[in-house]
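Visitor: Provided herewith is a single structure, encoded as structure tokens, for subsequent inquiry.
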Amino acid sequence: MSAVHLHGGEPAPPAGPHVRRLVLAVLIPLVLATIAGLIVLWPDGDPPRIEAGVRTDGTILSVQPCEDVVETPPTPEGEDTAAECLQAQVRVDAGPDEGVETVVPLPFGVGAPEFHEGDAVVLSALPDAPLESRYEVLDFQRDVPLIWLAGLFAVAVVVLSGWKGLAALGGLGVSMVVLLVFVLPALLTGESPLPVAIVGASVIMIVTLYLAHGVSIRTSVALIGTLVSLALTGILGSLFSSLAHFTGLAGEASSYIGTVNTEIDLRGLLLAGLVIGALGVLDDVTVTQSAAVWELAAADPASSRRSLLGAGLRIGREHVAATVNTLVLAYVGASLPLLMLFSVLGQGVTDTITSEAVAQEIVRALVGGLGIIAAVPVTTALAVLAVRGRSARPAGRRRKPVSSTLEADLDA
């Protein structure tokens, strides 16, 4: 019966005072530096915006051909292809023209989306234009399916993980708030991207880890391991971005942002994305390694530091093998349309890989992988030192009763 309650052994001994002092000596400056960074880098003033019309909601009431049929130019093979011009009767569902019905043109031709009666759409409006030319169909409304998917995800997390899952969802909300309220406005107002990313990642790291996993030495060890690995990721990313002569102009969105605000450092923006992207994988690895060492120590209270370190590293190797593969495949999946384009253009493998658009993703994947690899030994070693702050008891020494051990833990 006691083995069930102890998960295979008695709980790991509480960390000694010197371990607590060491952890606090690292965490307190980190928290203070993060707060100072928020104050210094907090965006002042409104970020730049592009006047692209007012967006509002609408519903397609009917779809019909235009009065004239527009024909596309002949294909290279000499075959004529006719594309039917379409227009729609739409009802404006929001804004000053709510309830108004008007006719708007629809996109048509090869690859154009198909709109049907009853579709909920997003309209772009030019408020000062006449009604007959005021509105344009931009896209479908997708808020309802996304809300349903998010709700399903939240329920699944809570059902599986209970209160911890609810806390994890709270941490996810904090991450979104930090990105939308601090990181993006600060970048758009011209602040240096790398410091903004580091401060934003630190806020996310501190709040989400403690919120999801509780305030404890074990969580603090994972936090320190994440910090060290994230610093290494940022250094390597900066080094290889410089060696590869990345400009940050490879992506269409980055190039367009550069025209909006010339003060934005596009190369620094690339590094900022690398740091924030790596954080989501690193905290998974560090939390797992810290928890694994704690559980191993609880399962075998007489184990030495050397055996704990070896067992933790064996677990970490399995985790790294799976996580690095996942990370690389995620970046490849994101770049798949671009890779297909290069393939169609007939570029060789070397030319494709060394092009800036693809090379950026390769650097992100490999640098992120190096950060993960570093996170395993760093976090495992820190966890072993924390859980075995003093030498393990001799194997022949009689174990304390469970109640006494728990009381000692609570007192500590």
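Residue numbers 1 to 412, in the numbering used here, belong to the letters of the sequence shown in order. All C-beta atoms in this analysis are idealised placements derived from N, C-alpha and C, irrespective of residue type, glycine included. Computed from a prediction, not measured in an experiment: that's the story for all the values here.
In terms of residue numbering, what span does the beta strand (DSSP E) encompassing Asp57 cover?
Guide: Per DSSP, Asp57 belongs to the beta strand (DSSP E) from Val54 to Pro65.
Visitor: Express the C-alpha separation of Ala154 and Ile373 in angstroms, rounding to a whole number.
Guide: Roughly 30 Å separates the two Cα atoms.
Visitor: In the DSSP output, what is Pro105 paired with across the bridge?
Guide: Pro105 is bridged to Gln87.
Visitor: Can you tell me the Cα-Cα spacing of Arg91 and Glu98, whole angstroms?
Guide: One C-alpha to the other measures close to 8 Å.
Visitor: From which residue to which residue does the alpha helix (DSSP H) around Val281 run?
Guide: That run of the alpha helix (DSSP H) goes Leu266 to Ala299.
Visitor: Which class does Glu136 belong to by DSSP, given the choice of helix, strand or coil?
Guide: The answer is strand: DSSP assigns Glu136 an E or B state.
Visitor: Which of the three DSSP states, helix, strand or coil, is assigned to Leu123?
Guide: Strand, per DSSP.
Visitor: Going straight from the alpha carbon of Leu27 to that of Thr323, what length do you get?
Guide: Taking the straight line from one Cα to the other gives about 27 Å.
Visitor: Just how far apart, CA to CA, sit Val121 and Gly58?
Guide: Roughly 5 Å separates the two Cα atoms.
Visitor: Given that a residue counts as buried once 16 or more other Cβ atoms are within 10 Å of its Cβ, and exposed if not, what is Glu295?
Guide: Label assigned to Glu295: buried.
Visitor: What is the residue span of the alpha helix (DSSP H) that Ala154 lies within?
Guide: It spans Asp143 to Val178 - the alpha helix (DSSP H) in which Ala154 sits, taken as one unbroken run.
Visitor: Taking the alpha helix (DSSP H) that Thr247 belongs to, which residues open and close that run?
Guide: Where Thr247 is concerned, there is no enclosing alpha helix (DSSP H), given that its DSSP letter is neither H nor E.
Visitor: I'd like to know whether the C-beta atoms of Ala278 and Leu230 end up nearer to each other than 9 Å.
Guide: It is a contact, given that the beta carbons lie within the stated cut-off.
Visitor: To the nearest angstrom, how far is the alpha carbon of Gly162 from that of Ala212?
Guide: About 11 Å.
Visitor: Where do the ends of the alpha helix (DSSP H) carrying His18 lie?
Guide: First-last of the alpha helix (DSSP H) with His18: Pro17 to Leu41.
Visitor: May I ask which residues mark the beginning and end of the alpha helix (DSSP H) holding Thr380?
Guide: That run of the alpha helix (DSSP H) goes Glu356 to Val387.
Visitor: Using the rule of at least 16 other Cβ atoms within 10 Å of the residue's Cβ for burial, across every protein chain shown, is Met176 buried or exposed?
Guide: Under this definition Met176 is an exposed residue.
Visitor: Within the same chain, show all residues whose beta-carbon is closer than 6 Å to that of Val221, passing over the 5 residues directly before and after it, in chain order.
Guide: Excluding positions up to five away in sequence, the list reads Ser290, Leu382, Ala383 and Ala386.
Visitor: Do Val285 and Gly237 have their C-beta atoms closer together than 9 Å?
Guide: No, they are not a contact pair.
Visitor: What are the partner residues of Val199, as DSSP defines its beta bridges?
Guide: Answer is none; Val199 lacks a bridge partner.
Visitor: First and last residue of the alpha helix (DSSP H) that includes Leu187?
Guide: First-last of the alpha helix (DSSP H) with Leu187: Leu184 to Leu188.
Visitor: Taking buried to mean at least 16 other C-beta atoms within 10 Å of its own C-beta, is Pro17 buried or exposed?
Guide: Per the 10 Å Cβ criterion, exposed.
Visitor: Quick one: grab the DSSP three-state call for Val324.
Guide: Note: Val324 maps to helix in three-state DSSP.
Visitor: Could you tell me the alpha carbon to alpha carbon distance between Ala197 and Ala334, rounded to whole angstroms?
Guide: Looking at the two C-alpha atoms, the distance is approximately 21 Å.
Visitor: Relative to the C-alpha of Asp119, which candidate in Gly109, Val110, Asp93 and Leu126 has its C-alpha closest?
Guide: Of Gly109, Val110, Asp93 and Leu126, the residue nearest in Cα terms is Asp93.
Visitor: So, for Gly170: in the same chain, excluding its five sequence neighbours on each side, which residues have a beta-carbon less than 6 Å away from its beta-carbon?
Guide: Leu211, listed in sequence order.
Visitor: If distances are taken between C-alpha atoms only, which option among Ala292, Ser304 and Gly234 comes closest to Val367?
Guide: Cα-wise, what sits closest to Val367 is Gly234.
Visitor: On a Cα-Cα basis, can you pick out the residue from Ile276, Leu41, Ser307 and Gln89 that is closest to Pro105?
Guide: The residue with the shortest Cα to Cα distance from Pro105 is Gln89.
Visitor: Tell whether a beta-carbon distance below 9 Å holds between Ala311 and Ser303.
Guide: Yes, the pair counts as a contact, with Cβ atoms nearer than the cut-off.
Visitor: I think Leu194 touches Leu123, with their Cβ atoms under 8 Å apart; what is that distance to the nearest whole Å?
Guide: Not quite, the Cβ-Cβ distance comes to about 39 Å (not below 8 Å), so this is no contact.
Visitor: Can you grab the Cα-Cα spacing for the pair Leu24 / Gly111, in whole Å?
Guide: When rounded, the distance between both Cα atoms is 58 Å.
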